[in-house]
Every structure is written in C-alpha cells, then in structure tokens.
Amino acid sequence: QVQLVESGGGLVQAGGSLRVSCAASGTIFSINTMKWYRQAPGKQREQVATITSGGITNYASSVKGRFTISRDNAKNTVYLQMNSLKPEDTAVYYCNTARGGFNYWGQGTQVTVSS
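Each residue of the sequence shown is one higher than the one before, counting from 768 in the working numbering.
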C-alpha cells in the first residue's frame, strides 16, 4: 500500500517562501515519477510540477521560475520549494504518484499567501 504524507504548509506573506514535503512509503520510491498538484477553492485541481526517477523536472507556466521540485531518494521524500509566492498560489497542495495502474494521493497541505 502506497502512502503519501505531505507537510510544511502554512501562512506566508506575498513575496515570501515556503517548502512543502511529501514522504512516501510502500513503494520503490526511486523509480516513481512524483508530482505536485494544487487545488484552490472553487477551482479544479491542477498539476504544478513533476520530477522523474532520473530527475527530469517540468513545471506549470504559472510557477516556472518561482517553484523548484526536488527529491531525496534516500529519504523517500519529494519537495516543492516555493519562492516569490503570490496570493493566487493559495491552495491545498497534494503529492501524487502512480504505480501498477493506480493513482495515489496524499491528504494535502494548505498553503495560504496573504497580500
């Protein structure tokens, strides 16, 4: 059973920084592509960033240049460093991976950016 647990969310002022983490268990983490999504109130969940097992990254245009996804395979953890935060970045941030035809999600962590 794959489990994903996010942490590190909180309240930050616009222009500030925050790092959220996602600890994975129950899977061979090093071979998984890991993804961060977010969902703002009243909006659809959107993909924010991905990182492959080989470390190749991809970002949504709205966060490119401000967010950085990284992974530590020794700790089975993926990170999302968020800089120059904007009020429109306010959302619940979710960690995601897929394995064996199943899609797995964490419980989410709230990020609130005040103006």
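All C-beta atoms in this analysis are idealised placements derived from N, C-alpha and C, irrespective of residue type, glycine included. Computed from a predicted model, the values in this text were never measured in an experiment.
Using CA atoms only, rank isn't needed, just tell me which of the options is closest to residue i.
| i | options | result |
| --- | --- | --- |
| Gly775 | Ser784, Gln768, Val769 | Ser784 |
| Ile798 | Glu813, Ile823, Gly782 | Ile823 |
| Cys789 | Cys862, Gly867, Gln877, Asp839 | Cys862 |
| Asn870 | Gly782, Lys810, Trp803 | Trp803 |
| Gln806 | Tyr826, Tyr860, Ser837 | Tyr860 |
Near residue i, what residues of its chain come up, given a Cβ to Cβ distance below 7 Å and the 5 sequence neighbours on each side ignored?
| i | result |
| --- | --- |
| Val779 | Leu785, Leu852, Val880 |
Am I right that residue i and residue j are in contact with their C-beta atoms under 8 Å? What's the rounded C-beta distance?
| i | j | result |
| --- | --- | --- |
| Thr817 | Thr800 | 6 Å |
So the beta strand (DSSP E) residue i belongs to, where does it begin and stop?
| i | result |
| --- | --- |
| Asp839 | 834 to 839 |
| Lys802 | 801 to 806 |
Which value, in whole angstroms, describes the spacing of the CA atoms of residue i and residue j?
| i | j | result |
| --- | --- | --- |
| Val769 | Gly875 | 15 Å |
| Val772 | Ala791 | 7 Å |
| Asn850 | Gly832 | 9 Å |
| Gly873 | Gly821 | 22 Å |
So is residue i in contact with chain D if we call contact Cβ pairs under 7 Å?
| i | result |
| --- | --- |
| Gly867 | Absence of chain D from the displayed structure is noted, only one protein chain being present. |
Take residue i and list the residues in its own chain whose beta-carbon comes closer than 6 Å to its own, dropping the five residues that flank it on each side.
| i | result |
| --- | --- |
| Thr794 | Val769, Arg866 |
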